[in-house]
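Step one of this worksheet: look at the structure below.
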Amino acid sequence: MVLGINKTRDFADMELSGYMRPDGSFGFRNHIAILCSVGCANDVALRLGRLYPETVVLTHRQGCAQLGGDKEQAARTLAGLGKNPNIAGVLVVGMGCESITAGYLADEISKTKKMVEFLVVLDEGGLMAALPKGARLLDHMVREASQMKRVPCGLERLTLGVKCGLTDTTSGIATNPAVGMVADRVVESGGRVIFGETPEIIGAEHILAKRAATQEVEKGVYRVVNECEERIKASGMDIRGANPAPGNITGGITTIEEKSLGAIKKGGGTTLQGVVAYGEIPEGKGLFFMDGPGRTPEALTGLSGAGAQIIIFTTGGGSPAGSLVSPVIKVTGNPRTAQRLSDHIDIDVSAITRGESTLEDGYEVIFRELIKVASGKATKSEALGCGMMSIWNIGSHM
Amino acid sequence: MKKAIVMDEKDNVATLLADADKGDVIQVKTGAKETEIKVQEKIQFGHKFALKEIKSGQDVVKYGEIIGRATKDIPNGHHVHIHNVESLRGRGDQA
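Top to bottom, those sequences are chains A and B.
Just so it is clear: in the first sequence, position 288 is 287 by numbering that gives the first Met the number 0, and no numbers are missing.
Just so it is clear: in the second sequence, position 12 is 11 by numbering that gives the first Met the number 0, and no numbers are missing.
Structural data, given as structure tokens:
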């Protein structure tokens with residue numbers, strides 16, 4: 000199957016627009032986020048979110064009693080979520096006793112020069128006392144954000160995240176190759192694409208490694224795969240049943256190698272510029288691989304933390320999943336899923352699977368939807384308010 | 000006619016694009032080339048069947064790459080899935 004891009008499809012009729020941020024980046028949403036630095040602050044953040052329903056409340060279970068790399072990863076991802084250009088301003092809520100403090104996250108996020116405030120619940124005298132102070136801070140940010148306007152911008156401003164979930168064999172045949180062409184288009188236009196899910200390149204790493212920009216990047220691909228496979232071996236288990244998951248197997252996927260060979264197509268065919276850690280914001284433009292699990296909540300959170308303003312989610316079996324920070328566009332090549340899960344599927348490319356249309360046709364439909372969504376059109380998961388946060392945990396909680 | 004797709008000419012399996020019953024003759028597309036093959040059992044949409052006999056221990060090839068190893072002889076037209084193929088990777092059970 001040839002994955003060349005049809006250059007005649009230039010989409011000159013379409014315009015991309017976003018919110019320019021003080022650091023020169025562009026947001027394609029204009030959220031005010033209430034970001035917890037630690038799980039114990041979730042209740043305060045959720046109550047503040049009820050007072051200001053237009054905010055996004057980023058709760059999670061981490062931020063304390065974590066060691067070494069696990070703590071660093073959580074801190075990096077939380078700061079990355081706050082820095083995501085889709086967020087106009089952030090209120091970080093901490094307790095005052097945690098290891099990843101609200102002050103630290105606010106400092107990190109303020110490097111982007113966007114609006115950032117923090118609230119320390121124990122310093123204020125508990126939940127009741129923290130609420131009015133938090134409300135005053137949010138009132139200012141929500142009303143400031145309401146005056147911001149979209150302006151036209153180029154595709155080079157986009158960091159596109161690509162992820163697959165509930166994969167079946169249609170993912171490798173139709174959806175991932177068509178999305179891969181979109182990824183190529185974004186890279187060729189000077190933008191950035193991030194894809195990840197390390198278990199899902201096992202058996203296909205040699206293909207990615209061949210496309211590495213440097214020897215260091217090539218080594219990076221093999222390193223993350225080896226670390227992942229060693230973790231599986233240390234468990235003493237056969238990966239099958241966990242990945243491919245039971246739903247993948249029902250959908251016709253037999254082995255992790257088969258799943259991976261289909262999965263890597265969603266990143267397209269350009270040079271791999273780098274391998275980044277989970278939730279790490281890549282430096283430079285082009286295609287990047289992010290280390291991390293395939294499990295949907297962690298994969299979406301990691302992509303949002305790494306700066307993806309929009310995520311394309313290819314799916315065989317379908318899913319309502321979303322991200323609170325980055326709109327998620329669901330694409331399926333499975334005709335039954337397109338019909339049964341129409342509430343969750345943004346784009347149906349099952350005509351490719353049926354042999355009634357080409358990958359180029361699928362590419363065009365997906366690319367057009369990407370530009371529309373980036374410019375403000377709500378995705379199905381956004382309209383339904385589906386979003387979840389879960390940071391990949393790589394150590395025990397103490 | 001029901002269809003199946005072969006992702007690469009090196010492949011020894013095809014993926015069904017419709018549910019197939021035993022004895023159905025399937026149109027198999029490999030790029031521009033089309034052939035026909037009779038499936039020998041009921042096989043679901045999206046699942047794979049053998050294009051030629053795959054002997055036990057032989058590689059199963061899709062996308063032109065190895066996706067696993069046959070654990071039983073798989074005759075031509077038979078279902079190729081977890082009951083007769085094993086993964087070569089991520090095998091903590093064999094570590």
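Even for Gly, the Cβ is constructed at its ideal location relative to N, Cα and C.
These numbers come from a predicted model, not from an experiment.
Residues that DSSP places opposite residue i in a beta bridge
i	result
A/Asp347	A/Thr331
A/Tyr18	A/Gly26
B/Ala105	Residue numbering for chain B in the displayed model covers 0 to 94; residue 105 of chain B lies beyond these limits and cannot be assessed.
A/Ala32	A/Val55 and A/Val89
B/Ala19	B/Ile42
B/Ala69	B/Val84
A/Gly273	A/Phe287
A/Arg46	Its beta-bridge partners do not exist; DSSP assigns none.
A/Glu282	DSSP output for A/Glu282 lists no bridge partner at all.
B/His78	B/Phe48
A/Leu369	BP columns for A/Leu369 are empty, so no partner.
A/Cys39	Answer by DSSP bridge pairing: none, since A/Cys39 is not bridged.
A/Gly164	A/Thr314
A/Ala159	Strictly speaking, residue 159 of chain A in this sequence is Leu, with Ala absent from that position. Bridge partners of A/Leu159: A/Val192 and A/Ile309.
B/Glu35	B/Gln26
Within 8 angstroms, strictly: CB atoms of residue i and residue j
i	j	result
A/Ala101	A/Leu47	no
A/Asn83	A/Val324	yes
A/Ala298	A/Glu279	no
B/Ile73	B/Ala49	yes
B/Val27	B/Ala3	yes
A/Met94	A/Ala40	yes
B/Ala31	A/Lys232	no
A/Tyr362	A/Val181	yes
A/Val55	A/Ala73	no
A/Thr300	A/Ile390	yes
A/Gly285	A/Val186	yes
A/Ser380	A/Gly321	yes
B/Asp92	A/Asp237	yes
A/Leu126	A/Val43	yes
B/His118	B/Ile53	Here chain B comprises residues numbered 0 to 94, so residue 118 of chain B is not present and cannot be evaluated.
A/Ala78	A/Leu104	yes
B/Asp18	B/Lys61	no
A/Ile193	A/Leu302	yes
B/Ser86	A/Arg230	no
A/Met387	A/Pro326	no
A/Thr331	A/Ser349	yes
A/Gly23	A/Gly17	no
Top-ranked residue by Cα proximity to residue i, from the options
i	options	result
A/Met19	A/Ala11, A/Gln146 and A/Leu136	A/Gln146
A/Ile328	A/Arg335, A/Pro334, A/Asp342 and A/Gln338	A/Asp342
A/Val37	A/Ile99, A/Leu45, A/Gly316 and A/Glu14	A/Ile99
A/Leu358	A/His396, A/Ser170 and A/Pro52	A/Ser170
A/Thr158	A/Arg191, A/Val150, A/Cys152 and A/Ala182	A/Arg191
A/Gly62	A/Gly246, A/Glu97, A/Leu121 and A/Val181	A/Glu97
A/Arg184	A/Glu155, A/Ile201, A/Ala203 and A/Ile206	A/Glu155
B/Phe44	A/Asn242, A/Thr336, A/Gly273 and A/Phe10	A/Thr336
B/Arg90	A/Ile255, A/Gly179, A/Ala87 and A/Gly332	A/Ile255
A/Thr111	A/Ala87, A/Ser356 and A/Glu204	A/Ala87
A/Leu45	A/Arg75, A/Leu90 and A/Asn247	A/Leu90
A/Cys35	A/His59, A/Phe25, A/Glu53 and A/Ser16	A/His59
A/Glu228	A/Gly251, A/Glu204 and A/Gly246	A/Glu204
A/Gly246	A/Glu282, A/Ala350, A/Gly164 and A/Ile365	A/Gly164
A/Leu118	A/Ala128, A/Ser303, A/Val92 and A/Leu137	A/Val92
B/Ile36	B/Ile81, B/Lys54, B/Leu15 and B/Ala69	B/Leu15
B/Val84	B/Ser55, B/Asp10 and B/Val38	B/Ser55
B/Val38	B/Asp20, B/Val12 and B/Tyr62	B/Asp20
A/Leu383	A/Pro319, A/Gly153, A/Lys113 and A/Gln272	A/Pro319
A/Val120	A/Leu130, A/Tyr277 and A/Ser234	A/Leu130
A/Leu207	A/Gly81, A/Pro21, A/Gly261 and A/Thr352	A/Gly261
B/Asn75	B/Met0, B/Lys51, B/Lys1 and B/Glu33	B/Lys51
A/Tyr221	A/Gly240, A/Ile201 and A/Pro281	A/Ile201
A/Asp9	A/Phe366, A/His396 and A/Thr378	A/Phe366
A/Thr352	A/Lys148, A/Asn29, A/Gly235 and A/Thr168	A/Thr168
A/Leu80	A/Ser356, A/Ala64, A/Glu107 and A/Thr249	A/Glu107
A/Asn242	A/Glu282, A/Ile346, A/Thr166 and A/Pro334	A/Thr166
A/Asn29	A/Lys162, A/Gly293 and A/Arg149	A/Arg149
Check: residue i C-beta below 7 angstroms from any heavy atom of the ligand COA
i	result
B/Asn11	As presented, the structure is devoid of all ligands, the ligand COA included, so that no description of it is given.
State whether the region 259-268 of chain A contacts the region 175-193 of chain A, with contact taken as three or more CB pairs (one from each stretch) at a distance under 8 angstroms.
Contact between the region 259-268 of chain A and the region 175-193 of chain A is present, because at least three Cβ pairs lie under 8 angstroms.
The region 204-217 of chain A / the region 360-372 of chain A touching (three or more Cβ pairs under 8 angstroms):
Here the region 204-217 of chain A does not lie against the region 360-372 of chain A, with fewer than 3 beta-carbon pairs under 8 angstroms apart.
Inter-stretch contact (C-beta, 8 angstroms, three-pair minimum) for the region 308-322 of chain A and the region 4-24 of chain B:
no
Is it true that the region 287-298 of chain A meets the region 197-204 of chain A, where meeting means three or more beta-carbon pairs spaced less than 8 angstroms apart?
yes
So within the region 173-212 of chain A, which uninterrupted alpha helix (DSSP H) runs reach at least 4 residues, ignoring any that extend past its ends?
175-187 and 204-209
Complete alpha helix (DSSP H) runs within the region 66-153 of chain A (minimum length 4 residues, chain order):
67-82, 101-109, 120-123 and 126-144
Please give me, in chain order, every unbroken run of the alpha helix (DSSP H) with length at least 4 that falls completely inside the region 223-278 of chain A.
245-249 and 255-262
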